[in-house]
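Asker:
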Amino acid sequence: MSALVKLEEVSKRYGDAIALHPTNLSIESGKTTVLIGPSGCGKSTLLRLVIGLIESDSGSIELNGNPITPDNINALRRRIGYVIQEGGLFPHLTTRANVVLMARHIGKSEEEARNRLLELCDLTRLSQNLLPRYPLELSGGQRQRVSLMRALMLSPELLLLDEPLGALDPLVRASLQEDLKKIFTRLGQTVLFVTHDLAEAIYFADAIVLMNEGRIVQKGTITDLRERPADPFVSEFINAQRGVASV
Amino acid sequence: MNQIRHAGTEETLESADDESRRSTQFSRFLVWIPAPLLFSCVSAFLIGSSSAATDVVIGSKKFTESYVLGEIAKRLLIDAGIPAEHRQGMGGTIILWQALRDGQIEAYPEYTGTIATEILKADSNVSLHEIRDSLEKLGIGITAPLGFNNTYALVMRRGDAHRLGVRTISDLRKYPDLKFGLTHEFLDREDGWRPLRERYALPQQNIIGIDHTLGYTALANGSIEVKDAYSTDAKIEENDLVVIEDDLQFFPKYEAVFLFRSSTRPDAIAALRRMEGRVDETRMIRLNAEAERTKDYAKAANLYFEGSARSNALDDSFPRKLARWTVRHLQLAGISLLLSIIVGIPLGIVASRGGAVGNVILGFAGVVQTVPSLALLALLVPLPFFGISLRTAIAALFLYGLLPIVRNTATGLQDIPRSLRESAVALGLDPIARLWKIYLPIASRSILSGIKTSAVINIGTATLAALIGAGGLGEPIISGLNLNDHVTILEGAIPAAVLALLVQWCFDLLDRVLIPKGLRL
């Protein structure tokens, strides 16, 4: 299995606070890797380093063998999709304009953009009637579907999801989880998924990466984590959420 | 069934297209700003230069007699076939002298005493001959005296003077509690209040500075008891005042003359010289009284030409004057607003990034706002390139309009949630596209409200432009203040207020076009 993303000795600190100790991590192509851990454990920091929203203090990050540098980051970002909890949709643009923004910006034809848009409506099960609406006219679940469409517009090699379902109510959340998983499978998508919810991690993950205090504590399947904990913290974390984990 | 659904989809996509086009309207609005600006600048330049190139411009100071003399001079020039323009009530001595030196005006009426002490900084008793020699070196010519001596004088109500037995200025020493209301110019002049007080050892402490015309009202209602006046002032008789005798001969002679640039066309100089020795004190008082009575300087000037052919100068009707004032007013406010937008938005963008530079920008714009508008005008006048001109007024208004735009642009951008900024970055938009397609449209409401504030401020402040001869709706306000004529003041004040409301209303409409619909939900 080949690694699409490779982090080597990547670290980040804010003043005296260490957000991420020197860290190594490979993200397998075509798989869903879930970063999980308590608040402030560094999982979002790691994700934001990959998309270049923050710069690492040391180490290197490679995407498909190309080291990410300030010079090429903007081009690489167009090969990465990014969805956040708040959706990040631009309120002054309609659903359609939000989704096709980048495609049009890099000069894809209107026809090409329109075809891809219709494909994505199908894929994410978003009604085409919603395309002329503005983000404020959509429900939370609809907004996240649109956000996903925008992230997938340019057929990215890598999809980054930062607690994409965190703000949704349980029913909407469950239905979106199901849809997301189908989409990942159908596309053979490489996904890096951040959540603090163990049940969600188990549902999506090919590999779970458990983090604590700026370090990766253990990487493996849920069985690995349950039966062969690398650290007392692993068991502690899993037991704290056993209500759902045992389901 | 299938067909119907297909048709519906097409329609949805079409209208969606429309929406995305509309959303960049604000950005396109910004693109178009330079076009009208360029146009306005060119037209402003033409206004500024064309009048100077073809007409002989006469200036006058901000009081009745100067207005009247200016009108007479204009008539004389026009009757001699020379195109002439009269810029009324441009300000005080220093402003007029500066304008004459800079060539913004060709001539203006002045007084020998003022020339000696204020302009040449010499003793007030220098002879006319010496004055002529000194001015010649500066490239300025002087006519012979026009025939009357308008010296400074102190005046009181006739009743007060009788009751207190005040006949001479020396008598004032006995009444230290008298309230004096003096013009600002008299208070500051080298030959004004301070040396007068010293010469006569006057003990009064209760001295206030007041506008010349308002001073007469204050005198009439008893707010003040003594004020300065000009000896040919029509108000002296009109208000039943007496001139207190200058028993120590403190006030120098103030013989009226015209100053002109030596380079002025000879036939224009010859026309001005036709006033020499033609206006004695009685005649001047009569002309002044006529001007104050009719509130019309041109009519008063006509008296001078009694018996001669009627002037071919146009009698302006009120609607025409109003149109002229309003157009000029909109020019002043509009050009300065466009400049404020063009400079203010980029500064606001830089300021929104914070840091030392951002603080300096916001600090500078804030400080400019705290300078009183009148003082800002006065500060710009002596600078090269500015002087008494439309340019100066526009520059001052531009500086005034800067702060609301800079501040609103900066806060509008800073208020964009981090999640939206990061989404724009994460999508891979380059910095310019982020600003243009995302940040500025999202901040458009705040930016437009800053522009609206600037526009309304500019409409109000532009009335002050008339103080430096730049015209606009301030013109009737200032001459009304000068004539103590409320109707004339309202002729400027009401249209200015209406204009401000209209501008506000237009911007409210503009909001609906320029703020993307998605932000107005």
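Residue numbers (the working numbering), protein chains in the order written: chain A, 1 to 247; chain B, 248 to 768. Idealized CB from N, CA, C, for every residue including glycine.
Any beta carbon from chain B within less than 7 Å of residue 214 of chain A's own beta carbon?
Answerer: Not an interface residue.
Asker: Buried or exposed for residue 333 of chain B, going by 16 or more other Cβ atoms inside 10 Å?
Answerer: Buried, since its Cβ has 16 or more Cβ neighbours within 10 Å.
Asker: For residue 452 of chain B, count neighbouring C-beta atoms within 10 Å of its own C-beta (all shown protein chains included) and say buried if the count is 16 or more, exposed if not.
Answerer: The residue in question, residue 452 of chain B, is exposed, as its Cβ has fewer than 16 Cβ neighbours within 10 Å.
Asker: Near residue 251 of chain A, what residues of its chain come up, given a Cβ to Cβ distance below 7 Å and the 5 sequence neighbours on each side ignored?
Answerer: There is no way to answer for residue 251 of chain A, as the model of chain A reaches only from 1 to 247.
Asker: Considering only residues of the same chain and omitting the five flanking positions on each side of residue 41 of chain A, which have a CB-CB separation below 6 Å?
Answerer: Taken in chain order, the residues that qualify are 211, 212.
Asker: Residues in its own chain within less than 7 Å of residue 235 of chain A by CB, not counting five upstream and five downstream?
Answerer: Around residue 235 of chain A: 229.
Asker: If I follow the unbroken alpha helix (DSSP H) through residue 333 of chain B, where does it start and stop?
Answerer: Run containing residue 333 of chain B: none in the alpha helix (DSSP H); it sits in the beta strand (DSSP E), 331-338.
Asker: Looking at the C-beta of residue 765 of chain B, does it have a partner C-beta in chain A at a distance below 7 Å?
Answerer: At least one chain A Cβ lies under 7 Å of residue 765 of chain B.
Asker: If you count every other CB in all the chains shown that lies within 10 Å of the CB of residue 753 of chain B, and 16 or more means buried, which is it?
Answerer: So residue 753 of chain B counts as exposed.
Asker: Can residue 408 of chain B and residue 478 of chain B be called in contact, C-beta distance under 7 Å?
Answerer: Going by C-beta atoms, residue 408 of chain B is not nearer than 7 Å to residue 478 of chain B.
Asker: For residue 53 of chain A and residue 43 of chain A, which I take to be in contact (beta-carbon distance under 8 Å), what is that distance rounded to the nearest angstrom?
Answerer: That belief does not hold up - the Cβ atoms of residue 53 of chain A and residue 43 of chain A are roughly 14 Å apart, past 8 Å.
Asker: Chain A partners of residue 758 of chain B, CB-CB under 8 Å?
Answerer: Per Cβ cutoff of 8 Å: no residues; residue 758 of chain B is ~14 Å from chain A at best.
Asker: Helix, strand or coil for residue 104 of chain A, going by three-state DSSP, please let me know.
Answerer: Three-state DSSP puts residue 104 of chain A in a helix.
Asker: For the pair the stretch 122-134 of chain A and the stretch 701-715 of chain B, tell me if three or more CB-CB distances fall below 8 Å.
Answerer: The stretch 122-134 of chain A vs the stretch 701-715 of chain B: no contact.
Asker: When you compare each of B/527, B/515, B/647 to residue 304 of chain B by their alpha carbons, which one comes out closest?
Answerer: Here the closest residue by C-alpha is B/515.
Asker: Specify the secondary structure class of residue 12 of chain A as computed by DSSP and reduced to three states.
Answerer: Note: residue 12 of chain A maps to strand in three-state DSSP.
Asker: Could you compute how far the alpha carbon of residue 618 of chain B sits from the alpha carbon of residue 644 of chain B?
Answerer: Computed Cα separation, rounded: 12 Å.
Asker: Where DSSP assigns a beta bridge to residue 507 of chain B, which residues make up the other side?
Answerer: In DSSP, residue 507 of chain B forms a bridge with B/354, B/388.
Asker: If distances are taken between C-alpha atoms only, which option among A/178, A/2, A/38, A/8 comes closest to residue 240 of chain A?
Answerer: When only C-alpha atoms are compared, the closest one is A/38.
Asker: Look at the Cβ atom of residue 526 of chain B, then the Cβ atom of residue 394 of chain B, and state whether they are nearer than 7 Å.
Answerer: Contact flag set, yes.
Asker: With residue 22 of chain A as the anchor, note down where its beta strand (DSSP E) starts and where it stops.
Answerer: Taken as a continuous stretch (DSSP letters only), the beta strand (DSSP E) holding residue 22 of chain A covers 17-28.
Asker: Grab me the residues of residue 59 of chain A's own chain with a C-beta within less than 8 Å of its C-beta, minus the 5 sequence neighbours each way, in chain order.
Answerer: For residue 59 of chain A, where only same-chain residues beyond five positions count, the Cβ hits under 8 Å are 7, 8, 9, 10, 11, 22, 23.
Asker: Look up residue 638 of chain B in the DSSP assignment and say whether it is helix, strand or coil.
Answerer: Correct three-state label for residue 638 of chain B: helix.
Asker: Secondary structure at residue 670 of chain B, three-state DSSP: helix, strand or coil?
Answerer: Here residue 670 of chain B sits in helix by DSSP.
Asker: Cβ of residue 82 of chain A less than 7 Å from any chain B Cβ?
Answerer: Residue 82 of chain A counts as touching chain B.
Asker: Which term fits residue 282 of chain B, buried or exposed, when burial requires 16 or more other beta carbons within 10 angstroms of its beta carbon?
Answerer: Residue placement at residue 282 of chain B is poorly supported in this model, since its pLDDT is 44, which falls under 50; the coordinates still yield a value, given next. The residue is exposed, with fewer than 16 neighbouring Cβ atoms inside 10 Å.
Asker: Output the boundary residues of the alpha helix (DSSP H) element that contains residue 496 of chain B.
Answerer: Counting along the chain, residue 496 of chain B falls outside any alpha helix (DSSP H), and DSSP gives it neither H nor E.
Asker: Have a look at residue 411 of chain B and residue 720 of chain B and give me their C-alpha separation to the nearest angstrom.
Answerer: Near 45 Å, if we compare the C-alpha coordinates of residue 720 of chain B and residue 411 of chain B.
Asker: Under a Cβ-count criterion, where at least 16 other Cβ atoms within 10 Å of its own Cβ denotes burial, should residue 670 of chain B be classed as buried or exposed?
Answerer: When all chains shown are included, residue 670 of chain B counts as buried.
Asker: Roughly how many angstroms lie between the CA atoms of residue 473 of chain B and residue 594 of chain B, to the nearest whole one?
Answerer: Answer to the nearest angstrom: the Cα atoms are 52 Å apart.
Asker: So what does DSSP say about residue 43 of chain A, is it helix, strand or coil?
Answerer: Helix at residue 43 of chain A.
Asker: Assuming residue 192 of chain A contacts residue 158 of chain A under a Cβ cut-off of 8 Å, what Cβ separation, rounded to an integer in Å, is found between them?
Answerer: About 7 Å separates the two Cβ atoms, so the contact holds.
Asker: Is the CB of residue 666 of chain B under 7 Å away from at least one CB in chain A?
Answerer: Closer than 7 Å: yes.
Asker: Which residues in chain B sit within 8 Å of residue 77 of chain A, going by Cβ to Cβ distance?
Answerer: Within 8 Å Cβ-Cβ: 672, 673, 674, 675.
Asker: Within 10 Å of its beta-carbon, does residue 583 of chain B have 16 or more other beta-carbons around it, so buried, or fewer, so exposed?
Answerer: Classification for residue 583 of chain B: buried.
Asker: Taking 7 Å as the CB-CB limit, is residue 163 of chain A close to chain B?
Answerer: False, the Cβ-Cβ gap to chain B never drops below 7 Å.
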